[in-house]
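Numbering (full-length UniProt numbering), first residue to last: 1 to 298. Ideal Cβ positions, reconstructed from N, Cα and C, are used throughout, including at glycine.
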Ligand SMILES: NC(=O)c1ccc[n+]([C@@H]2O[C@H](COP(=O)([O-])OP(=O)(O)OC[C@H]3O[C@@H](n4cnc5c(N)ncnc54)[C@H](O)[C@@H]3O)[C@@H](O)[C@H]2O)c1
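Rendered as structure tokens:
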């Protein structure tokens, strides 16, 4: 069963150096205020300069108890250089970074799998929708890569910074990070439901794993032949029913792990949370609200 996390309300973050993205509005801006009020030094990036600068001005000039640094840096998380500049601002001012939070994110920009798509309209490249992938995936990867280096600077007393002090990287994801959401999959989209499954092979004896094959065998671990994997893929096609599955393949056997995850979800998430999630998903329908809401579109 999942355990509830109770956020501590101590001043452990006082004097810590925190870098975060998407800090001009919403959750990010609220977090900037909270961290500043605790006395952390906050360096926050965003593409929206006006609200970002206004927040910096407001907090810097406020007569709040905190005299900690608060700095806005223009940062488009899809730009590697912008991410670097954000971390550099913190490192140059404070000599270290303690905590990094990838918070910037976009909601859906158009219905990627729009059931109304036709042979004509599908020819147009979904550039607007791909912006979501750029921000939510590429942006977080850039940020995490750079954070992994900046968080361990500088060496302290001969130890790496991460060994000498508490350091963290936090990725703001979504319920969609562990559960499919409307508009994002074809699995349930009516009236054009298309069975959609994933294939997750473990060690399969192709050139991809040539370097490790002997050690693997010596360890007595199971492996697949390429034929094993091909048979499972063809089997998923031929089955005619399996939908929303994820086939873990080991030793030539396939296991639909998604089925197990779904079946046990009330156990590990709790029945009330599971029931609420189902209700919310039903309310979201086909995800039309994403695009109807102009304020969330770029
Ligand atoms: N609000 C929700 O219900 C919800 C649900 C699940 C996940 N989230 C996630 O929480 C995080 C915060 O979202 P929010 O609800 O505060 O939304 P928001 O739109 O109010 O704030 C997001 C911030 O990210 C910024 N941003 C967008 N693209 C950017 C880019 N390319 N570079 C830098 N900054 C960029 C925006 O300008 C904005 O300031 C996001 O990662 C979002 O995906 C929110």
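Burial state of residue i (16 or more Cβ within 10 Å)
i	result
residue 209	exposed
residue 8	exposed
residue 261	exposed
residue 201	buried
residue 32	buried
residue 217	exposed
residue 232	buried
residue 124	exposed
residue 57	exposed
residue 41	buried
residue 247	buried
residue 149	exposed
residue 293	exposed
residue 228	buried
residue 145	exposed
residue 224	buried
residue 89	buried
residue 259	exposed
residue 167	buried
residue 155	exposed
residue 212	exposed
N-terminal and C-terminal residue of the beta strand (DSSP E) that residue i is part of
i	result
residue 168	168-171
Cutoff 7 Å; reference residue i; Cβ partners in own chain excluding five residues on either side
i	result
residue 298	106, 109 and 131
6 Å Cβ shell around residue i - same chain, five flanking residues per side excluded
i	result
residue 45	21, 73, 75 and 86
residue 266	274
residue 250	202 and 222
residue 214	none
residue 171	102 and 140
residue 239	none
Host alpha helix (DSSP H) of residue i (start-end)
i	result
residue 187	Segment: none, residue 187 is in no alpha helix (DSSP H) and carries neither H nor E.
residue 289	288-292
residue 284	271-284
residue 2	First-last for residue 2: undefined, no H or E at that position.
residue 162	161-164
residue 178	Taken as a continuous stretch (DSSP letters only), residue 178 belongs to no alpha helix (DSSP H), as it is neither H nor E.
residue 141	139-150
Residues near residue i in its chain [Cβ-Cβ closer than 8 Å; skip 5 each side]
i	result
residue 277	175, 179 and 269
Q: Run through the segment 15-72 for me and flag every whole alpha helix (DSSP H) of 4 or more residues, listed as ranges in chain order.
A: 26-38 and 49-61
Q.
Please give the ranges of any alpha helix (DSSP H) in the segment 193-260, keeping only runs that are unbroken, at least 4 residues long and fully inside the region.
A. As for any alpha helix (DSSP H) of minimum length 4 sitting wholly inside the segment 193-260, the runs are 213-218 and 226-239, ordered along the chain.
Q. Which full runs of the beta strand (DSSP E) of 3+ residues lie inside the segment 84-137, going along the chain?
A. Runs of the beta strand (DSSP E) lying entirely within the segment 84-137, each at least 3 residues long, are 99-102 in chain order.
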